[in-house]
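Participant: The numbering of the sequence shown is my numbering, which starts it at 1 and goes up by one.
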Amino acid sequence: MAAAADPVAPLFTDGSRSAALIEWAGSRGIDAATILLAGELSRMDEHGQAAFVTAIVEEARIQPGDGLRWLLWLWNDAPTPIRSRLSEERDIRAVEEVMEIHRRALAGEAVSNPVWRAARRQFAAAMTPEAPAAAVEAIMSSMWDLHATPGAVADVASTWIVQSSAADAFEPAGWTAAEHHRVQSTWDAYGIEQAHHNRRLPGEDDAAFGERLQRYTLENPVPLSSDDFDNWRTWQAERQKIMTARVEELRAGLRGIVSR
Numbered sequence: 001m002a003a004a005a006d007p008v009a010p011l012f013t014d015g016s017r018s019a020a021l022i023e024w025a026g027s028r029g030i031d032a033a034t035i036l037l038a039g040e041l042s043r044m045d046e047h048g049q050a051a052f053v054t055a056i057v058e059e060a061r062i063q064p065g066d067g068l069r070w071l072l073w074l075w076n077d078a079p080t081p082i083r084s085r086l087s088e089e090r091d092i093r094a095v096e097e098v099m100e101i102h103r104r105a106l107a108g109e110a111v112s113n114p115v116w117r118a119a120r121r122q123f124a125a126a127m128t129p130e131a132p133a134a135a136v137e138a139i140m141s142s143m144w145d146l147h148a149t150p151g152a153v154a155d156v157a158s159t160w161i162v163q164s165s166a167a168d169a170f171e172p173a174g175w176t177a178a179e180h181h182r183v184q185s186t187w188d189a190y191g192i193e194q195a196h197h198n199r200r201l202p203g204e205d206d207a208a209f210g211e212r213l214q215r216y217t218l219e220n221p222v223p224l225s226s227d228d229f230d231n232w233r234t235w236q237a238e239r240q241k242i243m244t245a246r247v248e249e250l251r252a253g254l255r256g257i258v259s260r
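Printed below as a string of structure tokens:
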């Protein structure tokens, strides 16, 4: 059985082949939203990728709407649910209103684009400034008609994994969000300034351009300390560890839903 998964696996791991993945899924009665979610989760981390793809390919019990069931699970029942990040009742109520629309869609109701547009406006207005960006943006990513925009649930997965992992890495790295923002802003501004001063001159060959760029960098170093760079590297390492664990958590959630 495992060998049968080999020709199909690249459809999951190559993001440029989404159309072929949807076509393959359709031949098996699997909706596009669910299979695109599986593809996104497969690409988020190479660790455990092959086993996850094989499990999805060989699973014969995937039902229409499993992607939405996974979204509802992520909101409230996952080991690290989105709900756990919200402390304000107002924020929780706002997300619950969104989830209720998803439940209606899962039950078979056709939720039109105008309904979703209105819901997005209402949701954005209802959330407090204190609500974590990872939670707000993940939920906002879900608020589309999945028949027209089947990749929305996959966007939820990538948004939540990347942003929540980045936020969760600050504490174990001994860093703060404010310091991260300072370093990131400084680096971005330096890159813009460097690009402005180092446009290739007419007739300038690669060697001359490279030498001039190197000279500018030596004469105008980025205004960050060695501690800043050390903290950045430590944060990146912690973020990657958390991302790997979170991807596995969300893969396990989808596998549990499709194999029930």
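Glycine included, each C-beta is placed from N, C-alpha and C at the ideal position.
Using the C-alpha atoms, what's the distance from E89 back to P10?
Facilitator: One C-alpha to the other measures close to 43 Å.
Participant: Where W70 and W235 are concerned, what is the direct C-alpha to C-alpha distance, given to the nearest angstrom?
Facilitator: Distance between the alpha carbons of W70 and W235: 29 Å.
Participant: According to the Cβ coordinates, are L41 and R251 closer than 8 Å?
Facilitator: Yes, they are a contact pair.
Participant: So, with DSSP's three-state summary, where would you put L72?
Facilitator: Reduced to three states, the DSSP call for L72 is helix.
Participant: Whole angstroms is fine: what's the gap from V162's alpha carbon to T128's?
Facilitator: Near 22 Å, if we compare the C-alpha coordinates of T128 and V162.
Participant: Would a C-beta distance cut-off of 8 Å place M44 and S158 closer than the cut-off?
Facilitator: Yes, these two residues count as a Cβ contact at 8 Å.
Participant: Going by beta-carbon coordinates alone, are L146 and A152 separated by less than 8 Å?
Facilitator: Yes. Within cutoff.
Participant: In angstroms with no decimal places, state the Cα-to-Cα distance between F123 and A105.
Facilitator: Going from the Cα of F123 to the Cα of A105 covers about 18 Å.
Participant: Assess contact between the stretch 33 to 40 and the stretch 14 to 24, defined as three or more Cβ pairs (one per stretch) separated by less than 8 Å. Is contact present?
Facilitator: Yes: the two stretches touch, three or more of their Cβ pairs being nearer than 8 Å.
Participant: Excluding the five sequence neighbours on either side, which residues of its own chain have a C-beta within less than 6 Å of the C-beta of G67, listed in chain order?
Facilitator: Cβ neighbours of G67 beyond the five flanking positions: A33, T34, L37 and V153.
Participant: On the three-state DSSP scale, how would you describe A3?
Facilitator: At A3 the pLDDT is 40, less than 50, meaning the model places this residue with poor confidence and gives no usable figure here.
Participant: Does the stretch 188 to 199 come into contact with the stretch 211 to 222, if we say contact requires no fewer than three beta-carbon pairs (one atom in each stretch) closer than 8 Å?
Facilitator: Because the criterion of three Cβ pairs below 8 Å is met, the stretch 188 to 199 and the stretch 211 to 222 touch.
Participant: Taking 7 Å as the cut-off, is the C-beta of P10 nearer than that to any heavy atom in the ligand HEM?
Facilitator: Of the ligands one can find in the structure shown there are none, so the ligand HEM has no counterpart to examine.
Participant: Leaving out five residues before and five after Y269 in sequence, what residues of the same chain have Cβ atoms less than 6 Å from its Cβ?
Facilitator: Any property of residue 269 remains undetermined from this structure, which presents the chain solely from 1 to 260.
Participant: Consider the Cβ of A178: report whether some Cβ of chain C lies at a distance smaller than 8 Å.
Facilitator: The chain inventory of the structure shown lacks chain C, comprising one protein chain alone.
Participant: Can you find the residues in the same chain that come closer than 8 Å, C-beta to C-beta, to E171, ignoring five residues on each side of it along the sequence?
Facilitator: Closer than 8 Å at the Cβ level, and outside the excluded window around E171, lies no residue.
Participant: Please report the straight-line C-alpha distance between T80 and G203, rounded to a whole angstrom.
Facilitator: One C-alpha to the other measures close to 56 Å.
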